[in-house]
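Okay, so here's the structure we're looking at.
Here you go:
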């Protein structure tokens, strides 16, 4: 074959070229700039958030041919008590395949046992856990939390099971509302999930905590959403925002990332400076970044994934 006739350096170059091609196809180490993106494939920093903003593209179902092996329950998997029979619960879970997050039930059933997609999150409650660990809220029992872009409702349900909160989750994707409602019903948890727009949804001064996880950079008007979040909080309430930020040479520069990875739901990566200053301008205080992650795919473009918290000024 032709490859057998190339010299050793040539063979090494061929191997390196194939490796680079595979990495490029997977979005590894691909440099992308917003000004050059015109609907072509480009590397999208961070995780896909198609479900957050109504992208209905579904990855192929991966169904195990054999029963799932016993796996040590992950620390940040959502764990739910249920009185439902295994067969009934499995039937319900299979209606909503493929699953993107690990949810373990007390009867031994898990979303690991049914069709799930890639990527699959083993740690869906980790962000909520980190936020609650940093928000000085005191006793939260009976208090309300708004989960913006609730996806499958795992953060809302975690707040209910761990802190006794009364969750309201909103999303633009009807399927997410169905799934969240089903899960809360299976675990006998009182929660409300409904269609709602992250930019304009307002119940004035009704929520003690707002989670804004993985949604802000999917919005055409992220500052409007932050203003609505402020309106939703009671005086002294807290918000936790997980999003992508961009830090370039100019601290006021934001990054228009529309169509990154051919995803029409990607819009803006605000700079940390812009996000913090705007939030303080509308009345937030005690802004604090509590987590920053910089995957290799983001380093070239100055992209970072962060979680920040801030408090609405008390009366």
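In the numbering used here, the protein residues as written are 5 to 319. Where is the CB? At the ideal position from N, CA and C, for every residue including glycine.
| Item | Value |
| --- | --- |
| Inter-residue spacing [alpha-carbon to alpha-carbon] between residue 118 and residue 284 | 45 Å |
| Three-state secondary structure (DSSP) of residue 280 | helix |
| Whole-Å CB distance - residue 275 paired with residue 291, under 8 Å assumed | At roughly 14 Å, the Cβ-Cβ gap does not stay under 8 Å, so residue 275 and residue 291 are not in contact. |
| In DSSP terms, what residue 175 is bridged to | 199 |
| Runs of beta strand (DSSP E) lying entirely within the region 234-280, each at least 3 residues, in chain order | 237-250 |
| Contact belief for residue 150 with residue 211 at Cβ below 8 Å, rounded distance in angstroms | 4 Å |
| Cβ pair count under 8 Å reaching 3, the region 76-86 against the region 104-114 | yes |
| Inter-stretch contact (C-beta, 8 Å, three-pair minimum) for the region 110-129 and the region 167-179 | no |
| Start and end residues, beta strand (DSSP E) containing residue 107 | 107-109 |
| Close beta carbons around residue 200, own chain, < 6 Å, minus the five adjacent residues each side | 174 |
| Range of the contiguous alpha helix (DSSP H) that encloses residue 319 | Premise fails: residue 319 is in no alpha helix (DSSP H) and is neither H nor E. |
| Continuous beta strand (DSSP E) stretch holding residue 294: start and end | 288-297 |
| Nearest to residue 78 (by Cα), restricted to the options 254, 129, 181 and 179 | 129 |
| 8 Å contact criterion, which residue 279 and residue 270 should meet: CB distance rounded | That pair is no contact at about 17 Å. |
| Rounded C-alpha distance that separates residue 282 from residue 256 | 11 Å |
| Straight-line gap, residue 195 to residue 305 (C-alpha atoms, nearest Å) | 40 Å |
| Classification of residue 184 by the beta-carbon crowding that lies within 10 angstroms, buried from 16 upward | buried |
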